[in-house]
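Chains as they are written, first to last, in my numbering: chain E, 860 to 1214; chain Z, 5 to 153. We treat Cβ as the ideally placed atom computed from N, Cα and C, and that holds for glycine. Quick caveat, the model's predicted, so the values are computed rather than measured. For reference, the structure discussed in these notes is given below.
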Amino acid sequence: MGQTQPQIQVKHDVPIEVKLEQVQRLLEQMGIRNVEPAAATAAQVKRMCVEVEKRRAAKGYVEKMEAVMTSAGASPYVVFAFQTQQGIICIPDANFIIGTNGIYYVHKMDCRDSLKCAQVADKVVDLLGIRSLVSSATFLAIHPSEQELCELGILPPSACRKKEKEMEKTEEEEEEEKEEEEEEKKTAVKQEELEPLESVALKKLTEELMRAQRHAAEEQKPKDPKATLKELGLGWLAELSEADVAALRSVAEDKMLLNTIKDAEKRNAVRKFIESGFAVPQPAAPPNIAKWPQKDVELFTKLAEGTRSFHELVAKYLEAEFGCDVEIVYKMLKDLVQQAGGCERLQRIRSRLIT
Amino acid sequence: MNVIAQLEEAVKTGKELGPCTWFYLLILMGRKKELGGPVRKRLIAKALGRILLWAVNRNGKGNVVSLKAPYVRNAIILYAREHKCYPYDGAQASPQVERIINAHMRAIMAVVRRWVRIAPPCDPDTPTVCQRHLMVKAEWLRQFLSTLT
């Protein structure tokens, strides 16, 4: 190699001529003899290389390098150019090289055997101490088989593991995709036609929903006063025809006409009904009911529904609580009220029952 | 018509839905296209909860309930039969329903297993046995399903 070797200090404090000698020796050992040494400018190197290993340099280092280049007129670094089928792949012994003016020493190697070339590149990288700076992509550009590079230990184990994981992942993904596709196919087959049972079920479900909607809409509507009257045990008021209600409305102001209803209870109910503006009569709640326990309030509301008198309410209570017969209790209460000395009679009954 | 959206809206607003609604929902739960969307897990849990609550309340015997697949399947079919939901409004048995329910059992049991995981152990000495046999205390199940529905 008859190139001029500049006497300048290089990275790692190794003189350039030493490096070049080592490279020469290494290349010979590797059986690569057809190395073309050449001096090239940065522009020429850029033009020549399809791919240049790009690295970034520390700011201070670039300045120093530029100073050296300016003073010496040549780069203290070498560029290894691997001529592959895809083009020339360059590995410069620097982390910033191309861009600064000056001469670069290029070792151009013909890589007919790309694997061997990759091995040379690997050795070169080791020799130059730039292992951490050269990416796997550069080696792959020289020799595209990742598996072979991994087997030879040229690519870092992490890259190989990543690749393995990716391969595994892709396999898993492929399997999952296949499974999903199969499931989709199955469901597609399933969902092709709605079975008769399912179509009826769908229809019924829709009907249920419609019914629920109608029911909700009905609930929102104001309650029919007649229905409420029936619920309150004032059914006879509800039995009044529309004409009767209209008549009642018309006579509302003429209270004298109310006297035509002979039954006093009914008359009072009608009067109240008219006076309240035909509002639904609300059941009277006992005083202090708000202070009652919730359980008692619920029981009272339940029992009071449809009762005609207090006695009936009491009878219902005794039935609910002790299982007494409503009719008997009701009659007893009536007798007790009608005849004097109710308590004494009760005591007598009690003593008779005990004996 | 988006049936599932309507159903979700009805549940959200507390509209009174017929008992058969839940059975029909379990029958149709795989029919995204016809229902207008997928049936959410919460809705499946609600439907199943209603049915199992009915089944647990119906059979007052025993302190512990084993929610294994045959029990759940029978509960669904009995519920439909008791409430006279189609096709049990005219027939006593329906192999078609049983086949559809069997096809949906995987999704249904996933809901049941989730409940069993959060249930207190039916027997403090052998909690793993309870988990394995999907056994839960009947009282807890009643309370839990009541809150769910």
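Under 8 Å from the C-beta of E/Glu1067: neighbouring residues of chain Z:
On the first sequence, position 208 is the one that residue 1067 of chain E refers to. Simply Leu21, Gly22, Cys24, Thr25, Tyr28.
Taking 8 Å as the threshold (beta carbon to beta carbon), is E/Ala1174 in contact with chain Z?
Within the first sequence, numbered from 1, the residue matching residue 1174 of chain E stands at position 315. Answer no: the Cβ-Cβ gap between E/Ala1174 and chain Z never drops below 8 Å.
Could you please give the first and the last residue of the uninterrupted beta strand (DSSP E) stretch that includes E/Glu895?
Residue mapping note: residue 895 of chain E aligns to position 36 of the first sequence, counting from 1. Note, E/Glu895: beta strand (DSSP E), 894 to 900.
Which of the three DSSP states is assigned to E/Ile989 in this structure?
Walking along the first sequence from the start, residue 989 of chain E turns up at place 130. E/Ile989 falls in the coil class under three-state DSSP.
Roughly how many angstroms lie between the CA atoms of E/Ala897 and E/Val965, to the nearest whole one?
Position 38 of the first sequence, counting from 1, holds the residue named residue 897 of chain E. Position 106 of the first sequence, counting from 1, holds the residue named residue 965 of chain E. Spanning the two alpha carbons is a distance of roughly 5 Å.
Does any residue of chain E have a CB that is nearer than 8 Å to the CB of Z/Val43?
Within the second sequence, residue 43 of chain Z is the residue found at index 39, counting from 1. So, not an interface residue.
Could you check whether the Cβ of Z/Pro2 sits closer than 8 Å to any Cβ belonging to chain E?
The requested residue 2 of chain Z does not occur in the structure, where chain Z is confined to residues 5 to 153.
Look up E/Asp969 in the DSSP assignment and give the residues it is bridged to.
In the first sequence, counting from the first residue as 1, residue 969 of chain E sits at position 110. Among the bridge pairs identified by DSSP, E/Asp969 is matched with E/Gln942.
Residues in the same chain with beta-carbon distance under 6 Å from E/Arg990, minus the five sequence neighbours each way, listed in chain order, please.
Taking the first residue of the first sequence as position 1, residue 990 of chain E is located at position 131. Around E/Arg990: Val984.
Separation of E/Lys1037 from E/Val873, as counted between CA atoms:
Numbered from 1 along the first sequence, position 14 holds the residue referred to as residue 873 of chain E. Numbered from 1 along the first sequence, position 178 holds the residue referred to as residue 1037 of chain E. For E/Val873, the predicted structure reports a pLDDT of 47, less than 50, and the residue's modelled location is therefore unreliable. A value from the coordinates is still provided. If you take the alpha carbons of E/Val873 and E/Lys1037, they lie about 58 Å apart.
Is it the case that the Cβ atoms of E/Cys949 and E/Val904 are separated by a distance below 8 Å?
Mapped onto the first sequence, residue 949 of chain E falls at position 90. Mapped onto the first sequence, residue 904 of chain E falls at position 45. Closer than 8 Å, so yes.
Strictly below 8 Å CB to CB, what residues from chain E border Z/Arg35?
The sequence position of residue 35 of chain Z within the second sequence is 31, counting from 1. Under the 8 Å cutoff, chain E gives Gln1050, Leu1053, Glu1057, Leu1061.
Counting pairs of Cβ atoms below 8 Å between the segment 73 to 84 of chain Z and the segment 38 to 57 of chain Z, do you hit three or more?
yes
In or out: E/Ile1148 buried (at least 16 other Cβ within 10 Å) or exposed?
Indexing the first sequence from 1 puts residue 1148 of chain E at position 289. By the 10 Å Cβ count, E/Ile1148 comes out exposed.
Burial state of Z/Met33, where buried means 16 or more other Cβ atoms lie within 10 Å
Taking the first residue of the second sequence as position 1, residue 33 of chain Z is located at position 29. With 16 or more other Cβ atoms from the protein chains shown falling within 10 Å of its own Cβ, Z/Met33 counts as buried.
Residues in the same chain with beta-carbon distance under 8 Å from Z/Gln147, minus the five sequence neighbours each way, listed in chain order, please.
Against the second sequence, residue 147 of chain Z aligns to sequence position 143. For Z/Gln147, where only same-chain residues beyond five positions count, there are no Cβ hits under 8 Å.
Say whether the segment 26 to 41 of chain Z touches the segment 63 to 74 of chain Z, bearing in mind that this needs 3 or more beta-carbon pairs closer than 8 Å, one atom from each stretch.
Flag = no, the segment 26 to 41 of chain Z and the segment 63 to 74 of chain Z do not touch.
Which value, in whole angstroms, describes the spacing of the CA atoms of Z/Leu21 and E/Leu1068?
In the second sequence, counting from the first residue as 1, residue 21 of chain Z sits at position 17. In the first sequence, counting from the first residue as 1, residue 1068 of chain E sits at position 209. Z/Leu21 and E/Leu1068: Cα-Cα distance of roughly 7 Å.
Using alpha carbons as the reference points, say which of Z/Pro131, Z/Lys16, Z/Val60, Z/Tyr83 lies closest to Z/Tyr28.
In the second sequence, the residue the question calls residue 28 of chain Z occupies position 24. Out of Z/Pro131, Z/Lys16, Z/Val60, Z/Tyr83, Z/Tyr83 has the C-alpha closest to the C-alpha of Z/Tyr28.
Beta-ladder partner(s) of E/Tyr963, from DSSP:
Start at 1 with the first residue of the first sequence, and residue 963 of chain E comes out as number 104. Bridge partners of E/Tyr963: E/Ala899.
Using the beta-carbon of each residue, which ones in chain Z are nearer than 8 Å to E/Arg1070?
As a position in the first sequence, residue 1070 of chain E is number 211, starting the count at 1. Simply Gly22.
Going by the CB atoms, is the gap between E/Ala1144 and E/Leu1162 shorter than 8 Å?
Here residue 1162 of chain E refers to the residue found at position 303 when the first sequence is read from its first residue. Here residue 1144 of chain E refers to the residue found at position 285 when the first sequence is read from its first residue. The answer is no: Cβ separation not under 8 Å.
For chain E, find out if any of its Cβ atoms is closer than 8 Å to the Cβ of Z/Glu38; answer yes or no.
Within the second sequence, residue 38 of chain Z is the residue found at index 34, counting from 1. Cβ-Cβ to chain E under 8 Å: yes for Z/Glu38.
Between the C-alpha atoms of E/Lys1175 and Z/Thr151, what's the straight-line distance to the nearest angstrom?
Position 316 of the first sequence, counted from the start, is the residue given in the question as residue 1175 of chain E. Position 147 of the second sequence, counted from the start, is the residue given in the question as residue 151 of chain Z. If I take the Cα positions, the gap works out to 33 Å.
Chain-order list of residues whose beta-carbon lies under 7 Å from that of Z/Gln135 (same chain, five-residue window excluded)
Against the second sequence, residue 135 of chain Z aligns to sequence position 131. Result list for Z/Gln135: Val120, in chain order.
With a threshold of 16 other CB atoms inside 10 Å of the CB of Z/Gln10, please say whether the residue is buried or exposed.
On the second sequence, position 6 is the one that residue 10 of chain Z refers to. Label assigned to Z/Gln10: buried.
Per-residue contacts from E/Ala1075 into chain Z (C-beta, under 7 Å)
Position 216 of the first sequence holds residue 1075 of chain E. Near E/Ala1075 (Cβ distances below 7 Å), the residues of chain Z are Lys19.
Residue-chain proximity (Z/Leu52, chain E), Cβ-Cβ < 8 Å:
Taking the first residue of the second sequence as 1, we reach residue 52 of chain Z at position 48. Z/Leu52 does not count as touching chain E.
For Z/Leu30, which residues of its own chain have a beta-carbon under 8 Å away from its beta-carbon, when the five flanking residues on both sides are left out?
Translated into the one-based positions of the second sequence, residue 30 of chain Z becomes position 26. Excluding sequence neighbours, Z/Leu30 sits near Ile48, Ala51, Leu52, Ile55, Ile80, Ile105, His108, Ile112.
Look up E/Lys975 in the DSSP assignment and give the residues it is bridged to.
Taking the first residue of the first sequence as 1, we reach residue 975 of chain E at position 116. For E/Lys975, which the question treats as bridged, DSSP gives no partner whatsoever.
Rounded distance between the beta-carbons of Z/Lys19 and E/Gln1079, thought under 8 Å:
Translated into the one-based positions of the first sequence, residue 1079 of chain E becomes position 220. Translated into the one-based positions of the second sequence, residue 19 of chain Z becomes position 15. Between Z/Lys19 and E/Gln1079 the Cβ distance is about 11 Å, and since that is not below 8 Å, they are no contact.
Give me the Cα-Cα distance between E/Asn954 and E/Val938, rounded to the nearest whole angstrom.
Residue 954 of chain E sits at position 95 when you count from the first residue of the first sequence. Residue 938 of chain E sits at position 79 when you count from the first residue of the first sequence. Because the pLDDT of E/Asn954 is 47, which lies under 50, any placement of that residue in the model is unreliable, and the question is left without a value.
Please classify E/Cys1202 as buried or exposed, where buried requires at least 16 other C-beta atoms within 10 Å of its C-beta.
In the first sequence, counting from the first residue as 1, residue 1202 of chain E sits at position 343. Burial call: exposed.
Z/Ile31: contacting residues in chain E (beta-carbon distance under 9 Å):
In the second sequence, counting from the first residue as 1, residue 31 of chain Z sits at position 27. Leu1056, Glu1057, Ala1060, Leu1061, Leu1064, listed in chain order.
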